[in-house]
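Asker: Chains as they are written, first to last, in the working numbering: chain A, 253 to 553; chain B, 17 to 275; chain C, 68 to 471; chain D, 58 to 406; chain E, 4 to 238.
Ideal placement from N, C-alpha and C gives every residue a C-beta, glycine not left out.
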Amino acid sequence: MKYFLQLVLAGLTKGSIYALIALGYTMVYGIIKLINFAHGEIYMIGAFTALIIGGVLQITTGLPPVTILFISLAAAIFFSAGYGVTMENIAYKPLRKAPRLTALISAIGMSLVLQNYVLLAQTSDFLPFRSMIPNFSFLIPGKSLVTTTQLVIMITTVVVMIFLTILIKFTRMGKAMRATSQDKVMAQLVGIDINKVITFTFAIGSATAAIGGVLIANHMGQINFYIGFLAGIKAFVAAVLGGIGSIPGAVLGSFVLGMAESFGAGYISSAYEDAFAFVILIIILIIKPSGLMGRNEIEKV
Amino acid sequence: MSRIILEIKDFSMVFGGLRAVDHVNIHINDGEIVALIGPNGAGKTTLFNCVTGVYKPSEGDIAVSNPESKVIRTNGMKPNNITELGLARTFQNIRLFSSMTALENVMIGRHPKLQAGIFGAIFRDKSTRTEEKQVVEDSLVILKKLGLKQYANEPASSLSYGAQRRLEIARAMATEPQLLLLDEPAAGMNPQETKELDDTITRIRDKEGITILLIEHDMSLVMSLSERIYVLDYGKLIAEGSPDEVKANPAVIKAYLGE
Amino acid sequence: MNKVLKEIRTSALSALWMMILTFPIIVIKVNTINMTVNWRWINLMWVGTGTFILSWLWRYLLDRKENGSGLKKTDTKESRRFSLHKSLNDKKMRIPVLSTLAVLVLVLPLLVNFYQVSIMTSALIFVILGLGLNIVIGYGGLLHLGYAAFYAMGAYSYGLMYLYWGIPFWVALPLGAVSGAVFGLLIGFPVLRLRGDYLAIVTLAFGEIARLVLENLSGFTKGPEGIAQIPRPGFITKLSLQGATIYLFYICIALVLFTIFVMRRIEDSRIGRALEAMSEDDIAAQSMGIDLTKAKLTTFALGAIWAGMAGVLLAAKTTYINPGSFTLMESVMILVAVVLGGTGSIPGVILGAFLVTLIPEYFRALSDYRMLMFGVALVVMSIFRPQGIIPRVRKHYIVGEDQS
Amino acid sequence: KKEEGAIKIAVVGPHTGDLASYGIPTIKAAELVVADWNANGGVLGRQIELVIEDDVCKPEVAANSAAKVVGEGVVAVIGHICSGATKSAMGIYNEANLPAISPSATNPALTQSGNYPNFFRTIAPDDAQAATDAEFIDKKLGLKTVAVLHDKQDYGKGFADFTVASLEGLGIEIVLYEGITANAVDYSAILTKIANTDAEGIVYGGYHPEASKLVQQMSQMGLDIPFISDDGVKDNTFIQVAGEYSEGVYASGPMDTSSNPMSQKATADHKSTYGEDPGAFFINGYAATIALLTAIENAGSTDGVAIMDALRSNYVDTPLGNISFDENGDAIGVGFAVYQVQNGVYVEL
Amino acid sequence: MLKVDNIHTYYGNIQALKGISLEVNKGEIICLIGANGAGKSTTLMSISGIEPPRSGTVILEGIDITGMPPHKIVTMGMSQVPEGRRIFPQLTVLENLDMGAYLRTDKEEMKRDLEYVFELFPILSQRRHQIGGTLSGGEQQMLAISRALMAKPRILLLDEPSLGLAPLIVQQIFGIIVRINKEQGTTIFLVEQNANMALKIADRGYVLQNGIIVKTDTSSALMADEEVKNAYLGV
Ligand SMILES: Nc1ncnc2c1ncn2[C@@H]1O[C@H](COP(=O)(O)OP(=O)(O)OP(=O)(O)O)[C@@H](O)[C@H]1O
Ligand SMILES: Nc1ncnc2c1ncn2[C@@H]1O[C@H](COP(=O)(O)OP(=O)(O)OP(=O)(O)O)[C@@H](O)[C@H]1O
Ligand SMILES: [Mg+2]
Ligand SMILES: [Mg+2]
């Protein structure tokens with residue numbers, strides 16, 4: 253039983269990590285239906301920015317770690333959002349009317365560009381990412397079950413999910429986002445500035461990725477220029493599994509993935525860890541072809 | 017007594033809590049032109065969708081008879097198998113293969129009438145070659161019948177709305193149906209174009225012997241074309257009869273025609 | 068004049084923005100171990116000037132593309148670019164053009180060095196892959212992100228059959244195609260109900276599962292260690308490396324020609340039309356009597372056959388295979404070849420495959436900047452040629468003279 | 058043959074993509090050595106020029122890279138980095154009669170199968186290393202049961218498999234043997250699983266990024282058993298990345314290089330030239346370059362066969378010690394020792 | 004109120020409008036008729052900025068709106084029922100209507116307007132929680148019209164509002180158009196295939212042929228015109 257619970261916790265940790273990336277992914281994905289291959293790179297850039305800014309502050313100032321954490325998190329959010337918006341402007345905006353697959357190729361190109369940009373400007377090596385999250389003393393007794401960082405990640409995931417859900421469901425901008433995602437022309441005809449909406453979506457999605465980048469880097473203790481690729485793929489998988497464009501779906505999809513991997517590793521073999529996740533994915537999608545929380549794509553004929 | 021081509025018995029279609037079609041009985045005789053009318057949301061298109069297998073009917077029976085008068089129950093059959101029984105349709109919201117040319121659209125319609133498989137395609141034996149030649153010729157003939165020949169090599173999406181509607185008819189005819197189901201063929205046409213359509217449909221029935229069931233809101237077309245009319249309202253059949261009978265039916269006037 | 072000033076302002080603003088944006092990553096390099104910070108201010112200048120110039124150029128080109136100014140120019144370019152395509156359709160030109168091409172291809176290995184032959188062979192294998200995936204994506208309209216798994220099927224068919232039974236290349240080639248097709252059908256069945264990106268993700272999953280199985284079943288597949296010393300095809304006797312490479316080049320040429328031949332036939336057949344109808348509107352296609360189940364399975368099986376053959380060729384060319392060659396990135400690159408060249412267009416896909424394999428090779432001179440520039444190339448080509456470099460041209464049927 | 062101009066030497070390995078961090082340090086090593094030699098008059102009186110090619114660690118690309126450098130007229134190759142890529146490239150080098158010295162390809166078949174006569178390496182094969190580790194586990198640590206993990210990649214799995222064989226030979230029980238996913242974000246599930254066995258230690262075959270995540274999470278989970286790994290982990294980057302968590306980790310690696318003055322010089326040079334600490338296989342790459350240049354000098358010609366003979370018949374001082382190469386191409390004198398991280402440095406035990 | 008001056012609009016290399024000029028005065032109902040493919044829908048799209056003309060100008064209440072982004076034009080009080088309805092398919096009927104009122108902030112007024120459109124189309128009220136995409140063709144058309152009304156425009160562009168509607172509803176629709184024109188002073192620019200009905204309620208009309216305006220006159224004059232009769236009225 254304890255073992256089972258431990259695996260559940262391991263699955264939750266992994267799930268929240270995936271969710272933190274998938275949330276931003278599904279925002280962008282929902283609105284322009286673009287398989288944004290470069291989302292993982294935005295996440296990586298967030299982590300790098302935090303590492304750099306945090307490092308500079310640590311070296312040149314004597315600020316306490318928590319202050320540094322918040323400053324570098326803010327910097328990561330700002331810069332990631334900046335990269336996201338700029339990338340949209342350069343590589344996706346001219347392709348709004350082009351076939352979807354063309355935009356996908358542009359995204360793949362962008363992903364290569366960003367990866368190699370960081371590789372060249374920084375380093376190919378793994379860099380240590382010193383944990384900046386202080387240990388909560390009340391957690392120390394349960395240390396073997398959950399660490400502070402894990403707890404912070406899980407809480408952040410839930411908070412971000414709630415925030416995004418409220419944003420989409422109840423705000424004016426959210427309304428505009430839903431309209432834009434369904435019919436861009438009509439959205440304009442009811443007075444929505446779709447450029448602003450898309451830019452905003454990229455900014456929010458990228459900011460979320462940055463939060464993910466910083467927290468996950470804290471958890472893993474190291475980053476390099478390539479961490480975004482797999483993260484991006486996992487986010488894509490989670491987002492689709494949850495149902496394209498659905499915020500709670502992305503989180504649920506991530507947890508399913510995390511759990512599948514955790515239980516697969518725990519009860520069968522970790523060599524096939526990813527394979528379990530994919531098998532579960534296939535089974536779920538065969539049963540529910542539009543994802544866990546996706547609305548059935550009703551087609552009126 | 018002519019053969020009954022399509023028989024719908026006690027048929028209902030339910031979406032969630034909504035009974036879009038409610039215990040309806042309809043039959044179509046060979047060689048008739050029958051219209052199905054009714055207010056918006058009455059369930060006309062839904063009925064078409066069930067008959068052609070796009071939706072699975074919730075209750076009741078749908079049966080199609082083939083030229084040898086063998087009756088086949090089609091509930092739950094796949095659309096392509098129903099097409100093979102000789103039913104073809106057009107769509108209310110035009111669904112052409114938009115990047116293919118007009119001619120190619122009609123050639124797709126010939127699909128069930130052709131044999132060539134993958135090996136035929138690759139090795140292109142004699143029979144495949146003749147078949148291919150034949151498809152192009154046959155398709156051109158059909159395009160010509162609907163006055164679309166000059167658009168043969170144009171992508172379907174670049175045709176005007178009216179031409180697209182006619183192309184849908186041409187494509188459906190290419191399957192050599194015994195029964196053609198037309199969903200609002202005159203929508204988006206001006207009165208002049210509607211008149212031409214009237215002639216075209218009459219010709220299809222008279223010359224090709226294709227039975228026709230159509231949904232239409234343009235009463236001038238419905239009244240001049242059809243021999244029998246069914247009226248649906250809120251999923252229920254409220255009237256049935258000749259155009260004159262229906263025109264005079266107070267229930268129909270109240271629910272649908274107005275004035 | 069005013070316009071120029073405005074342009075300068077926009078460029079300056081872009082430059083400023085990029086300088087802010089790239090600042091942490093371009094300028095600062097921290098070493099948290101030695102606690103040192105390295106400020107590389109000079110880089111900022113490069114970003115600034117670079118952006119200033121490029122953003123100007125970028126806007127100019129985008130403007131030209133949007134507003135079609137210089138329309139005539141692109142028109143003539145277009146016609147030149149398609150001249151090969153056109154002359155092939157012209158009966159009189161066909162024979163001389165084709166024979167010149169043939170001679171060129173035949174003597175090529177004798178003119179260039181070994182490296183060129185080697186990368187050309189790689190490119191040709193990629194052409195076969197691209198054309199195969201084109202059936203799935205271009206004709207069937209199914210986004211397939213696990214194509215590398217089919218490729219792996221072929222490669223491992225040869226590798227394993229050689230390893231365990233010593234089966235030679237020429238036997239493995241058709242068997243590779245068959246195992247590809249079988250695998251295609253296996254994947255095809257479960258995904259019949261899925262559409263769009265849901266299908267894409269499931270194919271991705273299958274691709275990854277296949278790779279994981281190859282990695283983990285090490286008793287049988289040799290796992291990550293891979294299978295080495297797979298023989299190159301011999302011609303009567305065992306050939307020297309040079310000879311074998313050139314021989315393989317010719318085999319690839321022959322197979323590419325065969326692929327093109329089959330593709331053209333499929334494209335222009337009842338089956339090809341059915342696949343395309345399915346990709347354009349599956350409901351309408353079904354209403355036209357097309358069996359979607361059959362069409363989808365055909366798509367997967369047909370697509371997989373070529374990947375299987377390409378896999379055998381790959382194993383023969385590199386003589387060594389391991390699961391690392393069949394990653395998601397490989398599937399993605401094949402997809403890039405298809406879309407970049409022109410989805411559904413045979414000459415386009417061929418060109419796309421050449422570009423995707425040859426650009427990184429010829430960018431080797433840029434050393435570190437190689438993949439960066441490749442990424443840039445992808446973005447730029449997508450934007451300026453959104454329909455692909457050689458978009459598909461539809462067949463024009465002769466309608467007949469009588470206009471009655 | 059033209060005997061003028063610079064002597065070209067290829068450096069091939071992954072320089073972009075996910076494995077770039079294993080290839081780039083070797084470029085830097087070669088650059089440093091060559092700069093040194095060129096400043097001192099080069100070799101055979103000619104300058105040395107490096108031809109650097111990326112193979113992304115993929116066999117199919119490696120074959121093309123190999124063809125390319127052969128076409129460029131290089132006289133020898135430093136590389137490749139990954140065993141798989143090396144295997145596909147060696148055929149081409151054999152044909153062209155070029156020696157290749159890899160700083161990192163450890164697959165035993167490369168030297169032991171006899172299929173790659175032109176292959177040399179400045180790193181010991183997996184089986185030798187595995188034997189060292191197994192013996193250490195048995196004799197020094199006295200463990201009875203261990204869990205074995207690997208990263209499912211060529212190197213890591215090879216090491217793990219040979220270790221398992223050696224351990225079983227020594228009568229140690231393997232309570233768990235599993236692959237883990239490289240680059241994964243979290244390893245708590247597998248570590249939980251290990252915690253639930255009675256494993257007294259963990260043997261890991263793979264590289265330092267995963268190792269540092271593993272040890273970090275082990276410590277967080279309170280899983281306090283010895284962690285024994287391979288040369289991919291015996292790397293200063295590991296200590297830097299894993300920080301405090303690296304304390305106490307065992308890893309096998311070539312014998313005492315840190316006290317070797319050449320090694321110290323190489324590291325110092327790297328720091329002053331590139332402003333950072335060297336990465337993986339830097340010392341091996343450095344040694345390979347020195348060995349190669351010395352062999353050319355000794356051979357007195359750039360002929361492949363002569364160079365190979367020279368490699369086999371002479372000992373040379375490198376940061377790895379005084380080494381030569383045996384018939385198969387394995388380095389003689391590159392023995393293995395087991396190290397432990399103590400106070401932030403690897404200490405030979 | 005609206006002045007279109009010599010606009011040329013292209014789809015890629017195909018020219019759809021070849022120099023169209025027309026004027027709509029405040030409070031008028033103007034009707035544009037023409038055969039399939041004449042360019043009626045394109046004209047509307049050019050006015051609202053979705054397919055901006057390559058040359059020529061569009062002036063709305065004295066302001067040059069040529070090349071202005073569509074959403075800005077909407078802000079100026081223009082609303083449109085586009086061809087093909089363009090219902091937001093995944094939103095419910097209520098959400099679609101709400102979207103129509105995107106730019107409005109007067110909550111109370113909006114509530115009243117919502118009641119108003121539900122009164123006009125009771126079926127929509129019954130279907131208020133149904134997903135837009137599953138409505139029947141005619142229901143969608145009603146929704147599209149209602150959505151445009153929810154914006155409370157000062158000028159309303161309608162592209163074939165009667166398409167796919169039952170005869171009873173068609174009569175109603177034209178009644179509604181007249182009503183909002185009279186009651187709220189909304190200027191109406193109407194594209195119709197049902198030319199008989201359209202001309203009956205319009206003040207003036209334009210006839211479009213192959214991207215060129217070939218005729219313009221008062222409605223009654225157009226209805227009496229032989230050519231118009233033959234080509235468009237089907238008599
Ligand atoms: N997939 C569906 N889910 C839920 N409700 C549906 C669905 N399809 C149709 N309906 C509802 O069923 C009713 C009948 O729709 P149908 O399309 O058959 O009407 P119709 O008679 O063709 O109307 P129109 O003349 O306007 O086209 C409508 O009220 C519609 O909202
Ligand atoms: N998206 C498009 N791409 C290319 N050509 C188009 C496009 N939309 C319209 N056209 C062409 O522009 C011309 C005018 O079309 P438009 O839709 O404005 O006609 P319309 O008068 O509204 O006709 P209908 O009565 O059929 O709606 C037609 O020739 C049409 O083929
Ligand atoms: Mg209908
Ligand atoms: Mg129109």
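1) Do we get a CB-CB distance below 7 Å when we pair S376/A with the residues of chain D?
2) In the segment 57 to 72 of chain B, which residues sit with their C-beta less than 7 Å from some C-beta in chain A, listed in chain order?
3) Select from R348/A, I485/A and G361/A the residue whose C-alpha is nearest the C-alpha of S433/A.
4) Apart from the five residues on each side of it in sequence, which residues of its chain come closer than 8 Å, Cβ to Cβ, to P207/B?
5) If you follow the beta strand (DSSP E) that K96/C is in, where does it begin and where does it stop?
6) When DSSP labels each residue in this structure, what does G257/B get in the three-state scheme?
7) In terms of residue numbering, what span does the alpha helix (DSSP H) encompassing A79/C cover?
8) With a threshold of 16 other CB atoms inside 10 Å of the CB of Q353/C, please say whether the residue is buried or exposed.
9) Starting from the C-beta of Y105/E, find all residues in its chain whose C-beta is less than 6 Å away, skip the five residues before and the five after it, and write them out in chain order.
10) Shorter than 7 Å from the beta carbon of Y317/C to some beta carbon of chain B?
11) According to DSSP, P311/D sits in a beta bridge with which residue or residues?
12) To the nearest angstrom, how far is it from the Cα of T141/C to the Cα of K132/C?
13) In terms of alpha-carbon separation, which member of G130/D, P182/D and V108/D lies closest to S140/D?
14) Of all Cβ atoms in chain A, is any one closer than 7 Å to the Cβ of Y229/C?
15) Would you check if the distance between the CB atom of H43/B and the CB atom of I20/B is smaller than 7 Å?
16) Mind checking whether I92/C and A527/A have CB atoms under 7 Å apart?
17) Is the CB-CB distance between I347/D and A356/D below 7 Å?
18) Between T270/C and G208/C, how many whole angstroms is the CB-CB distance? I'm expecting something under 8 Å.
19) Return the residues of the segment 87 to 99 of chain B that lie within a Cβ-Cβ distance of less than 9 Å from chain G, sorted by chain order.
20) Note down, in chain order, all residues in the segment 109 to 135 of chain B with a beta-carbon under 9 Å from any beta-carbon belonging to chain A.
21) R107/C versus chain D: which residues are under 8 Å apart at the beta carbon?
22) In chain E, which residues lie less than 9 Å from I407/A when you measure between Cβ atoms?
23) Between G442/C and S246/C, which are expected to be in contact by the criterion C-beta below 8 Å, what is the C-beta distance as a whole number of angstroms?
24) Determine the extent of the alpha helix (DSSP H) in which N41/B is found, giving its start and end residues.
25) If you draw a straight line from the C-alpha of G178/B to the C-alpha of S155/B, how long is it?
26) Please confirm if E525/A has its CB atom under 7 Å from at least one CB of chain D.
27) Got a sec: is the Cβ-Cβ distance from N206/B to anything in chain E below 7 Å?
28) Give the straight-line distance between the Cα atoms of A432/C and R352/A, rounded to the nearest whole angstrom.
29) In chain C, which residues lie less than 7 Å from T407/D when you measure between Cβ atoms?
Answerer: Judging by the given coordinates:
1) At least one chain D Cβ lies under 7 Å of S376/A.
2) N65 and V70
3) R348/A
4) S236
5) Unbroken beta strand (DSSP E) run through K96/C: I95 to N98.
6) strand
7) First-last of the alpha helix (DSSP H) with A79/C: N69 to T89.
8) buried
9) Within the same chain, no residue comes within 6 Å of Y105/E by CB-CB distance, once the 5 residues on both sides are set aside.
10) no
11) Partner residues in the beta bridge of P311/D, as assigned by DSSP, are F393/D.
12) Confidence in T141/C is poor, its pLDDT being 39 and thus under 50, which makes the residue's placement unreliable; the coordinate value appears in the next sentence. Each residue's CA atom was taken as its position, placing T141/C and K132/C some 10 Å apart.
13) P182/D
14) no
15) yes
16) no
17) The criterion of a C-beta distance shorter than 7 Å is not satisfied by I347/D and A356/D.
18) Actually they do not touch by this definition, with Cβ atoms about 13 Å apart.
19) Going by chain labels, chain G is absent from the structure shown, which instead holds the protein chains A, B, C, D and E.
20) Taking 9 Å as the Cβ-Cβ cut-off against chain A, the residues of the segment 109 to 135 of chain B that qualify are N109 and R111.
21) Under the 8 Å cutoff, chain D gives no residues; its nearest Cβ is about 10 Å from R107/C.
22) Chain order gives no chain E residues near I407/A, where near means a beta carbon separation below 9 Å; the closest approach is about 31 Å.
23) Incorrect: roughly 34 Å between the Cβ atoms, too far for contact.
24) Where N41/B is concerned, there is no enclosing alpha helix (DSSP H), although the beta strand (DSSP E) it sits in stretches over L34 to N45.
25) 19 Å
26) So yes, E525/A belongs to the interface.
27) yes
28) Spanning the alpha carbons of A432/C and R352/A requires a straight line of approximately 33 Å.
29) Nothing can be reported for residue 407/D: it is not among the residues displayed for chain D, which extend from 58 to 406.
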